[in-house]
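Chains as they are written, first to last, in the working numbering: chain E, 558 to 1183; chain P, 558 to 1183; chain Z, 133 to 442; chain B, 133 to 442.
Where a beta carbon is used, it is the ideal one built from N, C-alpha and C, also for glycine.
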Amino acid sequence: MHTGGERSLGHDDLTWLIGGPQGGGINAAAEGFAKAATRAGYRVIANIEYHSNIMGEHSYYRVRVGRSGHRNVSERVHVLVALDDETLVGERHAAFPGFKGHVQEVVPGGAVVFDANDGPGEHGADVLLCPVPYLELLEEALKGSSREGQASRLKVMTNTVAVGASLALLDFDLARYQDALRAEFGGRRADLGELNAKAAALGYEFVRERFADGFAFRLPRVSPPKGKPPMLIRGAYAAAMGKLKAGIGFQSYYPISPATDENVYLEAHQRDQGLVVVQTEDEVSAINMAVGAAHAGVRASTSTSGPGLSLMVEGLGFAAMTEAAGPVLVLWSRGGPSTGLPTRHEQADLRFALQPGHGEFPHLLVAPGDVHEIVRDSYEAFNWADRYQMPVMVLVDKALGTTFITTEDLGLDRLPPVDRGPRFREGGNGDADYLRYDFSDGIVTPRSVPGQAGGIYWSTTDEHDPRGHITEDAENRIRMQDKRMGKLELALREIPSDRFLTLHGPKSADVTIVSWGSTKGAILDALDILAREDKVKANFLQIRIMRPFPVSAVTAILRAAKKTVLVECNYDGQLGLLIREQTGIAMDQSIVKYDGRPFSEEELMDGLRHVIAEGPGRLMVSHRLG
Amino acid sequence: MHTGGERSLGHDDLTWLIGGPQGGGINAAAEGFAKAATRAGYRVIANIEYHSNIMGEHSYYRVRVGRSGHRNVSERVHVLVALDDETLVGERHAAFPGFKGHVQEVVPGGAVVFDANDGPGEHGADVLLCPVPYLELLEEALKGSSREGQASRLKVMTNTVAVGASLALLDFDLARYQDALRAEFGGRRADLGELNAKAAALGYEFVRERFADGFAFRLPRVSPPKGKPPMLIRGAYAAAMGKLKAGIGFQSYYPISPATDENVYLEAHQRDQGLVVVQTEDEVSAINMAVGAAHAGVRASTSTSGPGLSLMVEGLGFAAMTEAAGPVLVLWSRGGPSTGLPTRHEQADLRFALQPGHGEFPHLLVAPGDVHEIVRDSYEAFNWADRYQMPVMVLVDKALGTTFITTEDLGLDRLPPVDRGPRFREGGNGDADYLRYDFSDGIVTPRSVPGQAGGIYWSTTDEHDPRGHITEDAENRIRMQDKRMGKLELALREIPSDRFLTLHGPKSADVTIVSWGSTKGAILDALDILAREDKVKANFLQIRIMRPFPVSAVTAILRAAKKTVLVECNYDGQLGLLIREQTGIAMDQSIVKYDGRPFSEEELMDGLRHVIAEGPGRLMVSHRLG
Amino acid sequence: MATVLKPRDYKSDAHINWCPGCGDFGIVNAIQMALAELQLPPHKVAVFSGIGCSGKTSHYIHAYGYHTLHGRVLPVATGAKLSNKDLTVLAVGGDGDGYGIGSGYFVNAGRRNVDITYVVFNNSVYGLTKGQGSPTLRKGLKTKSMPEAAIQDGVNPLALAVSSGYTFVARAFALDPRTLASLIAAGVRHRGSSFIDVLQTCPTYNDLYTAEWYNHTQSGGPRLYRLSETGYDGKVKDPSDADEVVAKKVQAITKSYEWGEKIPVGVYYEVDLPTYEDALAERNPRYGREALVDTDFSDRDLSPLMDALR
Amino acid sequence: MATVLKPRDYKSDAHINWCPGCGDFGIVNAIQMALAELQLPPHKVAVFSGIGCSGKTSHYIHAYGYHTLHGRVLPVATGAKLSNKDLTVLAVGGDGDGYGIGSGYFVNAGRRNVDITYVVFNNSVYGLTKGQGSPTLRKGLKTKSMPEAAIQDGVNPLALAVSSGYTFVARAFALDPRTLASLIAAGVRHRGSSFIDVLQTCPTYNDLYTAEWYNHTQSGGPRLYRLSETGYDGKVKDPSDADEVVAKKVQAITKSYEWGEKIPVGVYYEVDLPTYEDALAERNPRYGREALVDTDFSDRDLSPLMDALR
Ligand SMILES: Cc1ncc(C[n+]2csc(CCOP(=O)(O)OP(=O)(O)O)c2C)c(N)n1
Ligand SMILES: Cc1ncc(C[n+]2csc(CCOP(=O)(O)OP(=O)(O)O)c2C)c(N)n1
Ligand code: SF4
Ligand code: SF4
Ligand SMILES: [Mg+2]
Ligand SMILES: [Mg+2]
């Protein structure tokens, strides 16, 4: 894997990885560095891998930094920062095949920063070893302060020493990182900010003096952008932003990884944004509260993950049957099935999200592929919910939710206007005339909301007549089912076609990659690499709205394609099944991955190169990363 | 619809329909007649339509009787027995299109038996009207008995008068019906049996004297079969029989139409069959108890309907992830979505049943098409559950569950032997060696059960290692997912190919009808009619095991087919979608029905004739029956 | 509409299909009487119901009506109420709906004290699914449609409600709609989660707890008596006095075990405590001033959120 | 295996990944001590757990271990126990697991009185999802990881358990494994549904109910005291005496509200009543004689069922 020429990548493509025990502060360390790098004028993508555990298991953060920016992470580590032994050599307690440590991922010419008490394990010949006495340097940092002698209690601060140490190798502007530390510890804890800044400086100096000389991978000072620095954002926040912008009033949720991040973010903004966030007793309650809120006329939403969706399908059918204007359900997928891999990544909920419940009912399913699309889709989901009076699902995943990326602009100013859909306005005779489920004209009946004079209606999850009362009459049934299901066709007609899919890259290509959701960044990066390194002309069909399915547009593109390659992070190749079901077209080849982690650049490139060279079939790729 | 020549059908095809208010005893009346006819040597198919209501709404039973036997009901009513006004002229309180009464369904030359106080409404010219003074005759019947003067309290007995009256028209052996009445009222209520017999006789005489002469549609005495009479059975009992034969020990359930019938039947046999039936607090509890029981080593099952399945998917994922040997879930579909049409028919849960929960996990899905197939599949489901250590779903529906049909033999003697799958037997070192989720050899690991010495294991809904402990390791994950999903391929290889599908009728045909489940009877009847009346050579591909899907067999048959017509009782044509997903082949035409009732013979024939004559497309059929 | 609203103004024109003589008629009448007593404009009332015979109630009342899912009526009603605090929200449902499949929501709604009124139609059977025993049927009892007697104990809904935190807990009888109406009105007036367990006859399936059974003990007199007539006072005088609160809770729970020859009806427990809405208003004063549904969020400023990410 | 089983014989070799100092260690130790006290062969014990930090417990015990779903541990354990009545069945899980998402199952399991023992790890937080408030966190309280204080009331698990019908209801402290072990052993010995609420410290997220808090009231002494030391007797002497049963239930519920400076631990309530299995055996004597899992059903005769249809 470690092909030559990497030194020349220099500051345009550098991966820094920090690993350590969960709960040991690697999030703060990595995010601090990532933010400092962004503010310094670099572009960053940073993702975390962690266990379903609170303290002790191996966790690591991969931060890729460059001038031009990547949309996916790479396995080739230039600087490894090890906070513990396991980061270096792997899981000692694993009875069955276990992770073997990150030292193996360090490229020739790269470096490992580690505690002087640990051994680095097996490593490439051309790797710079930088043992650093973490605790001693921390003790020194605390000296003279009110915390002197408390090093073992403040052991988490050795992270700062380690990060500082690594920055010396990179020739990175230490002050930027120190600023990030000071920003993190505000108010009463300001002294800790200062102590951390000092600890970072001691680590920095230690390495600068002993190891940094001649290290090839550097992030020297560049001129940062003028004006406000860019944001470092992840999908969890992007979804919340889209919802807030859309005017969300009510969010109910039950804690579950990886949906909790979005929920906690919204919860923290209840006061300043005026919304109500309710932590419920379970997911059944969460969806049903949201349906109640949607019927009451508020823009309502809930967010969950696969196990939660399994409990929410009942409520989705309820919303669809009663033609509630929503709710919007954001599904943050994780590794399945069942409890599965709670903190890991997978795109294995698509099929379930396409038929989320018994019987036949309409809903809209959209799967954004990056933070900008998440903002847009989370926002527009509410317009669709109101306009078509059906639940709308936004399908995202762990990788999208947690991966930080640098961006200047979320596009909030370019969103379409708020559309609350057809609303009932009181006319002549009030209630007597109003039919909430009128099927006589048009498919979507203007809705009233409780409290509105003249708009009284009934609704039921049983089949019902135009007034909303139960009936089992055959003729009425047919018309009501046609009315409900017909809204899918209406949505297909009304929603602009470019919202359904995007063909990235050249219109015509030798290879057409087909995928959805969070693989977008990886595939866009791969298109560049294929063009640059392999001289392969490839394009990428990204399908974004899955229901209603854009049959004719997809058919046209796939019929014209020379060779199609499906890429998905699941076992079955679920989008491939959907495409075949809807268009009859089978993908020529597929690359799947279901090891609980998103595609690294190298995994995807390996896969693509393999299938481009070989005949048809399904290829499972995995580099078995930690 | 009412083409000529029906009189000649005579006793080989006669439809008798009784309608009245729910709770007014039409079930007993119709089932009594159906049983009497079966014992008299006729073959019967009888189905009921009723509301989600306890008393008062319109309900009716359609009983088709003949010598050679039909597998579906017909709309052409020869004798209509009306217990109330609504049966004649329809739903008076319906604000929106409502049922217009059964009198319209009576064929020329047919008859209507009704209360002399009611008016028959609009009817064909050639229909025999038989007003009968129900209550007066009942009063007469009670005269001299200890119940004299109680006619209005015993009003439900007017049913017996009415049925008796109709039998005179048919020239049916009254004594047979009286026997059925006496059998129904045993023990302490024997006097009621006698009184009913008398009431029947009075009705019979009343009509015989005044109307019966020259009535063309008759069921004269025939020589009944020797030995034990055949059974009159419905799917609900067939499923229970299959389960009992398989050795079921534990059934948990939560009441829901139309699954309740099977559950109540099993519940009633707890004492004599030694099984445990637990009525739980909801479906979540029902499935989880069954999973617990399956892990404990008992053959365990639960039965529900769509809304229940929406609550059980979580438990299915649990069972699949922990490789429990079951449970068997029998899904009695009804009209959806949401609460939908609780007591009506639909085949709209197939897609959901194919992906019942989040993530990717194996399960087996089989959809029997008649009572014999239900017995077989409910039985063999337990073998598959044990053999492949996965949950097995048996997909049936309201029509199959409630429709009575005459049969001599359930095939219990021709079932394959019980197969409990690979079992762990204690060897050398006990626990230390035993790996419940071993992936080193073979796909299905021999299982131990709690209580078994040496077989201790752990299990978890999280991803796990061979010992059953949680691990998030990538390599282990891939192997475990391959192990679990690989069992589907194993099942596809091992299960005999004729269990997956049946091609009924000629191998090669001009039209190939494709369908599944409860449409089987209707389609088999239609094949006969097409051959006889339309001279169309048609065959019928019935797909029975849906997951794993028999791709190559289906592909071969469909590739060879000249014209394919999909027939389904749902909106989307869900089997069509599955076939296309799996084989790429689209059906040429489709006939769908989603009015909450199964296909009548006439609806299906109308549909088939239409699509055979016309070009490709989707045809919705419904005669808007009550 | 008349200036003075009458019970009939709360009748919808939906066709009622309960069995003749069903206790549910008394309850729906009582709800209509209570709404008239409170003179609430029908469009300011929303009735949420579960699934069951009882679940059909929302169709029969002239007010916004939501016939929801089996066991989920409380979360749905909660979501609606929190979205429009100016609405009068009634939740109704069966005993299976509320104490069986819905028991988790019953318990957790009690903890929130949202200002809604929950009326449970307690007939000790699953009516609409044809008479299985419901969670209130006691061990050893067997109604006519059951093949075997119950082998699990019945729940004690009142004790459960008090333990769960409802701030108004009462019991009434379906065949005494006048008293029931005044209890429902009191429940609606009460700020916070009110719960009323209504003993309801099901002449079709429950041949144990019949009108006759309720009206005549073995010794002849009626089985039901009013708590108020015995000097019982369930109301907490000083909600800040934790000892009094516990004492009144324990008193109510003790009473709740009285079942047999004598069954008390009336208010078992009542306390004035801040509602969930009060807590939300404390967090965000605008919530206290206007209903969420009327709030205009178009002025939201997200720049501080974005700046925090820079 | 040694003739005399030691606690360590019930230790599995799974890697434990709870936080250092977590109260869960005390509970798992206590379970192992209880099993040793009872001298149960490990293969005759099955431990079912929910999802949460607490849910990992089943992996750490050398016995059949089922780490099930969030909130569903009781139905799963019930299904297994009814299928093999000879098995000793322990159910364990968190307070979120049991009193939140699982509250409906908690209530309904109480009604059945199946012979299982349910141990709840009550730390007032959702540990594994990073410290949100759990159902036992009282209104107004805020642990360090919560952005806002709780605005709903906490449940009272003991009152709920008594109201629901558990026949053995106790409370213990995770940091006193010896007492806890003897309570667990008593719970296992008790025929019927035993429930033990274990006050568990979560040093990572719960900075309110810390070891320090439990061990020292403001006035210095320990907050926890043993019911038995005060002469409290929760055991019903005569289970057929309805009055005594109610009195003991009320006594237990009254005690359950004692929370603050003094918190009682020990057995709140206990009564010997026939179990669900007893009722099944009454219905079908074979059930009483042999475990369902050992029953051979190959001799089933379906001809009477078929004949009834002829
Ligand atoms: C999820 C789900 N499970 C089961 C049902 C079937 N079901 C309809 S009503 C009912 C029980 C009704 O009993 P109860 O709540 O006591 O109301 P009642 O009919 O007695 O008024 C059941 C089980 C359903 N509608 N939904
Ligand atoms: C259906 C479902 N929803 C949510 C989750 C996420 N989840 C895992 S553990 C947990 C809460 C654990 O809290 P508690 O039961 O108190 O156990 P503790 O971790 O405190 O021991 C939650 C919400 C899940 N696994 N399944
Ligand atoms: S079944 Fe019972 S509860 Fe239902 S409508 Fe009839 S009498 Fe009322
Ligand atoms: S988070 Fe709390 S409950 Fe969970 S392991 Fe850590 S200390 Fe224990
Ligand atoms: Mg009921
Ligand atoms: Mg907890």
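Does the structure place the segment 616-632 of chain P close enough to the segment 667-687 of chain P that three or more beta carbon pairs sit under 8 Å?
no
Since I believe residue 1026 of chain E is in contact with residue 146 of chain Z (beta carbons under 8 Å), could you give me their beta-carbon distance rounded to a whole number of angstroms?
5 Å
At the level of alpha carbons, what is the spacing between residue 843 of chain E and residue 861 of chain E?
9 Å
Within the same chain, show all residues whose beta-carbon is closer than 7 Å to that of residue 291 of chain B, passing over the 5 residues directly before and after it, in chain order.
385, 388
What whole-angstrom Cβ distance do residue 890 of chain P and residue 863 of chain P have, given they're in contact under 8 Å?
6 Å
Which residues of chain B have a Cβ atom closer than 8 Å to the Cβ of residue 814 of chain E, listed in chain order?
261
Shortest alpha-carbon distance to residue 269 of chain Z belongs to which of Z:413, Z:406, Z:391?
Z:391
Following the continuous beta strand (DSSP E) through residue 1015 of chain P, name the residue where it begins and the one where it ends.
Unbroken beta strand (DSSP E) run through residue 1015 of chain P: 1015-1017.
Quick check on residue 798 of chain E - is its C-beta less than 9 Å from some C-beta in chain C?
No chain C is present in this structure, whose protein chains are E, P, Z and B.
Can you list, in chain order, the stretches of the beta strand (DSSP E) that have 3 or more residues and sit fully within the segment 300-354 of chain Z?
Runs of the beta strand (DSSP E) inside the segment 300-354 of chain Z: 300-305, 326-331.
What's the gap between the Cα of residue 442 of chain B and the Cα of residue 589 of chain P?
12 Å
When you compare the segment 424-431 of chain B with the segment 952-959 of chain P, are there three or more beta-carbon pairs, one atom per stretch, that lie closer than 8 Å?
The segment 424-431 of chain B, when compared against the segment 952-959 of chain P, does not touch it at the 8 Å Cβ threshold.
Whole angstroms is fine: what's the gap from residue 754 of chain E's alpha carbon to residue 435 of chain Z's?
29 Å
Less than 9 Å separating the beta-carbons of residue 336 of chain B and residue 812 of chain E?
no
Shortest alpha-carbon distance to residue 914 of chain P belongs to which of P:881, P:874, P:1117, P:990?
Nearest to residue 914 of chain P by C-alpha distance, out of P:881, P:874, P:1117, P:990, is P:874.
Which residues in chain P have a C-beta closer than 7 Å to the C-beta of residue 149 of chain Z? List them in chain order.
Under the 7 Å cutoff, chain P gives 610, 613, 614.
Does ligand 2 have a heavy atom nearer than 8 Å to the CB of residue 202 of chain B?
yes
According to DSSP, is residue 665 of chain E part of a helix, a strand, or is it coil?
strand
Starting from residue 235 of chain B, find everything on chain E with Cβ-Cβ shorter than 8 Å and list it in chain order.
Neighbours of residue 235 of chain B in chain E, taken as residues whose beta carbon is under 8 Å from its own, are 838 in chain order.
Compare the C-beta of residue 292 of chain Z with all C-beta atoms of chain B and state if any pair is closer than 9 Å.
yes
Quick check: the segment 349-358 of chain Z against the segment 396-416 of chain Z, are at least 3 beta-carbon pairs closer than 8 Å?
Contact holds: three or more Cβ-Cβ distances are below 8 Å.
Residues of chain B with CB closer than 7 Å to the CB of residue 920 of chain P, please, in chain order.
Result: empty, since nearest Cβ-Cβ is about 16 Å, beyond 7 Å.
Who does residue 889 of chain P pair with in a DSSP beta bridge?
P:953
Mind checking whether residue 1151 of chain P and residue 1034 of chain E have CB atoms under 9 Å apart?
yes
Cβ atoms of residue 884 of chain E and residue 942 of chain E: under 9 Å apart, would you say?
Contact: yes.
Report the residues of the segment 375-408 of chain Z with a CB closer than 8 Å to any CB of chain B, ordered along the chain.
378, 381, 382, 385, 386, 389, 408
Following a CB-centred definition, is residue 257 of chain Z positioned closer than 8 Å to any heavy atom of ligand 1?
yes
Using a C-beta to C-beta distance shorter than 7 Å, which residues of chain B count as neighbours of residue 411 of chain Z?
283
In the DSSP output, what is residue 672 of chain P paired with across the bridge?
Beta-bridge pairing links residue 672 of chain P to P:689.
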